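The structure appears below as structure tokens.
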Amino acid sequence: MLPSCLLFVPGDRPERFAKAAASGAGGIIIDLEDAVAPEHKPRARESALAELRSTASTAAQRFVRINALRSRTGLEDLLALSDLKLDGVVVPKAASGGELAIVAALLPGAPIVALIESVAGIRAVDEIAHEPGVAAVAFGNADLSAELGSTMGWDALLAHRSRVILAARSAGIVAYDGVTLELKDARVIGEDARRALEMGFDGKLTIHPAQVAPVVQAFTPSEAEVAHALRIVEAAASGGVAVVDGRMVDPPVIAAARRILARATPS
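Heads up, the sequence shown is in our numbering, so the first residue is 731 and it goes up one at a time.
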């Protein structure tokens, strides 16, 4: 099961790996792409490989973001990882299902998180989401807004976020919201996470350990929400027309309750 919170950590800063894994995020993404200067990429790859080969147990799943597949560095990343068992691989600038098929062939069994962060990616998001091996699509708000010439505000990117969620739901996979650039203000981070949850996202990407707690809190249902969801599921199991707290229980309500219970299960 994919976690609701994924935390990026620069691949050329191995001294930060343990802290990231202990941050409370369900998964860390060892970043070989944007967080690493070009001259440090070989060193970052070696640090990532050493971490992934380590037998030390961690509280978090370990993912790797490779460089763009249309670059030599990205292909070198992919080949270097091909003999390892991964919790997941994050593919930046995904633009077609075909390129994800290459990743799936070289990393069989590794869940693929496809970053949708370009106009080409938005246009191909349905194809990408339905590609075998793709376990999640993630919205790349920063790169997409730069290409569009738009702001990163919710209104400016609402339609594009919706396309990512619709593609994920159609394919039956996970959808992640993109990063929040505010690093320390828990109120701002938490509000972004709550809006993402309300839209239908299953989780959110983070770039600083201080962002983890507000994101995890937003995507973790409260005890009251869990209790209410349990009452709905139990009432529905009895058969016939059910009423819970004065409201009729129909299939969409039951489905929503089951999603709440699924989010309550630690990933």
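C-beta: ideal position from N, C-alpha, C; glycine also.
None of the values given here were measured: they were computed from a predicted structure.
| Asked | Found |
| --- | --- |
| Measure the C-alpha to C-alpha separation of Val-904 and Ala-994 and round it to an integer number of angstroms. | 16 Å |
| Grab the span of the alpha helix (DSSP H) containing Gly-870 for me, first residue to last. | Run containing Gly-870: none; DSSP gives neither H nor E here. |
| Where do the N-terminal and C-terminal ends of the beta strand (DSSP E) with Ile-903 fall, by residue? | Ile-903 -> no beta strand (DSSP E), and no H or E assigned at all. |
| Any idea if Ser-848 is buried or exposed, counting beta-carbon neighbours within 10 angstroms, 16 or more meaning buried? | buried |
| Considering just the uninterrupted stretch of the beta strand (DSSP E) at Phe-738, what are its terminal residues? | 735-740 |
| Rounded to whole angstroms, what is the Cα-Cα separation between Val-973 and Ala-835? | 49 Å |
| How big is the Cα-Cα spacing for Leu-913 and Ile-758? | 17 Å |
| Report the option in Asp-980, Pro-981, Ala-868 and Gly-879 whose CA atom is closest to the CA atom of Ala-897. | Ala-868 |
| What is the DSSP secondary structure of Val-840, counted as helix, strand or coil? | The question names Val, but residue 840 is Ala in the sequence shown. In this structure, Ala-840 counts as coil in the three-state DSSP scheme. |
| Please state the DSSP three-state secondary structure of Met-929. | helix |
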